[in-house]
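Peer 1: Numbering (the UniProt record's numbering), first residue to last: 1 to 327. Each residue gets a CB set at the ideal place from its N, CA and C atoms; glycine is no exception.
#1: Using the Cβ count rule (16 or more neighbours within 10 Å means buried), how would you classify residue 76?
#2: Please report how far the alpha carbon of residue 130 lies from the alpha carbon of residue 241, in whole angstroms.
#3: What does a CB cutoff of less than 7 Å around residue 205 pick up in its chain, not counting 5 residues either side in sequence?
#4: Mind checking who residue 156 pairs with in its DSSP beta bridge?
#5: So what does residue 95 bridge to, in DSSP terms?
#6: What does a CB cutoff of less than 6 Å around residue 249 pick up in its chain, not counting 5 residues either side in sequence?
#7: DSSP state of residue 20, grouped into three classes?
#8: Kindly identify the DSSP beta-bridge partner or partners of residue 201.
#9: Output yes or no for whether 7 Å exceeds the beta carbon distance between residue 329 and residue 120.
#10: Going by DSSP, name the residue or residues bridged to residue 7.
#11: So the beta strand (DSSP E) residue 55 belongs to, where does it begin and stop?
#12: Opposite residue 236 in the DSSP bridges: which residues?
#13: Tell me which same chain residues have a C-beta within less than 8 Å of the C-beta of residue 301, skipping the five on either side of it?
#14: Just to confirm, are residue 172 and residue 197 a CB contact at a threshold of 7 Å?
#15: By how many angstroms is the C-alpha of residue 101 removed from the C-alpha of residue 161?
#16: Thinking C-beta only, is residue 109 closer than 7 Å to residue 33?
#17: Is residue 107 near residue 12, with beta carbons less than 7 Å apart?
#18: Answer yes or no: do residue 46 and residue 79 have a C-beta to C-beta separation smaller than 7 Å?
#19: Would you grab the beta carbon distance between residue 235 and residue 176 for me? Rounded to a whole angstrom, and I think it's under 8 Å.
#20: Taking DSSP as the reference, what is the three-state secondary structure of residue 65?
#21: Hey, how far is the Cα of residue 42 from the Cα of residue 8?
#22: Count the other C-beta atoms from every protein chain shown that fall within 10 angstroms of the C-beta of residue 154, then say buried if there are 16 or more, exposed otherwise.
#23: Would you say residue 158 and residue 191 are within 7 Å of each other, going by their C-beta atoms?
#24: Taking the alpha-carbon positions, what's the residue 93 to residue 82 distance?
#25: Quick one: measure Cβ to Cβ for residue 128 and residue 150, integer angstroms, because I've assumed they're closer than 8 Å.
#26: Roughly how many angstroms separate the alpha carbons of residue 287 and residue 166, rounded to a whole number?
#27: Compare the C-alpha of residue 183 against each of 225, 170, 169 and 174 and name the closest.
#28: Any idea if residue 19 is buried or exposed, counting beta-carbon neighbours within 10 angstroms, 16 or more meaning buried?
#29: Whole angstroms are fine: how far does the CA of residue 35 sit from the CA of residue 211?
#30: Where does residue 163 fall in DSSP's three states?
#31: For residue 255, name the three-state secondary structure that DSSP assigns.
#32: DSSP on residue 242, reduced to helix/strand/coil?
#33: Along the chain, where does the beta strand (DSSP E) that runs through residue 34 open and close?
#34: Go through its chain and collect everything with a Cβ distance to residue 230's Cβ below 6 Å, but skip five positions before and after it.
#35: Would you mind sorting residue 62 into buried or exposed? The rule is 16 or more other CB atoms within 10 Å of its CB.
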């Protein structure tokens with residue numbers, strides 16, 4: 001089973017992960033991922049909310065059939081630079097969903113810390129990251145279906161310069177974008193239905209920081225060496241505060257570093273290093289995550305926005321229409 005080649009999450013392992021079901025005015029249903037960032041706020045991708053009117057949020061779960069909380073809301077806030085009518089892949093593919101009442105925290109429900117504005121343009125090349133979701137476990141044409149179980153995989157940060165080699169002439173890959181590819185197994189990636197979900201790193205204090213929101217992948221498919229594209233939340237703190245009245249920004253100096261166990265650190269660093277070099281030889285792209293084509297709503301519920309995915313927004317470039325697909 002996989003997000004694509006993913007591992008099943010343990011209870012409480014990814015307590016900020018939510019499952020999002022979106023409903024159109026005509027009753028058509030699709031699904032996305034997202035992250036709890038506050039008792040009353042979820043962060044997701046704009047294309048997940050575009051042209052939808054009602055949203056069902058499941059929280060505190062690793063299995064879609066057993067959520068601790070399930071709430072309905074219609075309070076969507078799409079970034080003003082995102083064209084909801086055009087939908088599909090664009091820059092500023094980020095949105096907030098307001099919950100109708102506060103969600104209590106517990107072992108399986110916790111908010112995720114967002115990338116701060118100091119780190120918004122940090123180069124994560126070669127950094128090990130984690131992506132998670134309930135999306136397809138393989139490309140549709142390979143029989144991939146949405147997962148009922150929360151899955152996760154490691155990803156490897158990719159520079160925007162390298163990412164542009166996979167998406168030449170793209171206008172979507174900008175400073176607000178972070179790209180990620182397979183970490184140590186080609187083909188590991190996010191896929192349709194994972195849009196809006198979190199890309200995190202383990203920060204110096206041992207806790208996760210969200211550095212990306214799943215947005216798009218390559219049209220060749222999820223199970224491919226192409227990097228996927230995500231949106232850096234660190235660029236949007238002013239907008240987050242304007243919408244919510246809450247500051248999610250923070251300073252690097254506020255983190256208290258955790259000293260790793262020396263023996264564990266030595267062995268894991270050695271392991272990570274060898275895996276990373278193998279990965280680099282793999283064409284680290286496993287991400288492919290994009291090919292999603294997911295637009296096809298109903299993509300198994302994935303639909304994740306796929307909206308007219310072809311219209312990929314990408315500045316209207318012909319290449320973007322061919323290469324980009326929202327997740």
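Peer 2: Once the coordinates are examined:
#1: Its Cβ being crowded by 16 or more others within 10 Å, residue 76 is buried.
#2: Cα to Cα, residue 130 sits roughly 26 Å from residue 241.
#3: Within the same chain, residue 205 has close Cβ partners 255, 256, 257 and 258.
#4: Residue pairing of residue 156 in beta bridges, as defined by DSSP: 128 and 181.
#5: Listed as beta-bridge partners of residue 95 by DSSP are 44 and 78.
#6: Correct list, in chain order: 116, 117 and 237.
#7: Strand at residue 20.
#8: Under the DSSP definition of a beta bridge, residue 201 partners with 209.
#9: No statement about residue 329 is possible, as the shown extent of the chain runs from 1 to 327 and does not include it.
#10: For residue 7, which the question treats as bridged, DSSP gives the partners 152.
#11: From DSSP, the beta strand (DSSP E) with residue 55 extends over 54-59.
#12: The beta-bridge partner set that DSSP reports for residue 236 is empty.
#13: Summary for residue 301: the model assigns pLDDT 35, below 50, so the residue's position carries little reliability; its value from the coordinates is reported in the next sentence. Answer for residue 301: 21, 29, 30, 31, 146 and 193, listed in chain order.
#14: In this structure, residue 197 does not lie closer than 7 Å to residue 172 by Cβ.
#15: Rounded to whole angstroms, the gap between the alpha carbons of residue 161 and residue 101 is 43 Å.
#16: Residue 33 is not a Cβ neighbour of residue 109, given a cutoff of 7 Å.
#17: Taking the C-beta atoms as reference points, residue 12 is found nearer than 7 Å to residue 107.
#18: Using a Cβ distance threshold of 7 Å, residue 46 and residue 79 count as a contacting pair.
#19: About 5 Å; that satisfies the 8 Å criterion.
#20: Coil.
#21: Distance between the alpha carbons of residue 42 and residue 8: 23 Å.
#22: Taking all protein chains shown into account, residue 154 has 16 or more neighbouring C-beta atoms within 10 Å of its C-beta and is therefore buried.
#23: No, they are not a contact pair.
#24: Cα to Cα, the separation comes out at about 6 Å.
#25: Going by Cβ atoms, the distance from residue 128 to residue 150 rounds to 19 Å, so no, they are not a contact pair.
#26: The predicted position of residue 287 is uncertain, since its pLDDT is 34 and thus under 50; a value taken from the coordinates is nonetheless stated next. Straight-line Cα distance between these residues: approximately 11 Å.
#27: The residue from 225, 170, 169 and 174 with its alpha-carbon nearest to that of residue 183 is 225.
#28: Buried: at least 16 other Cβ atoms inside 10 Å.
#29: A direct Cα-to-Cα measurement between residue 211 and residue 35 gives close to 12 Å.
#30: Looking at residue 163 - three-state DSSP - the assignment turns out to be helix.
#31: Per DSSP, reduced to three states, the secondary structure at residue 255 is coil, with no helix or strand assignment.
#32: In the three-state reduction of the DSSP assignment, residue 242 falls in the helix class.
#33: Counting along the chain, residue 34 sits inside the beta strand (DSSP E) bounded by residues 29-38.
#34: Same-chain partners within the cutoff: 178, 199, 212, 213, 214 and 215.
#35: The residue in question, residue 62, is buried, as its Cβ has 16 or more Cβ neighbours within 10 Å.
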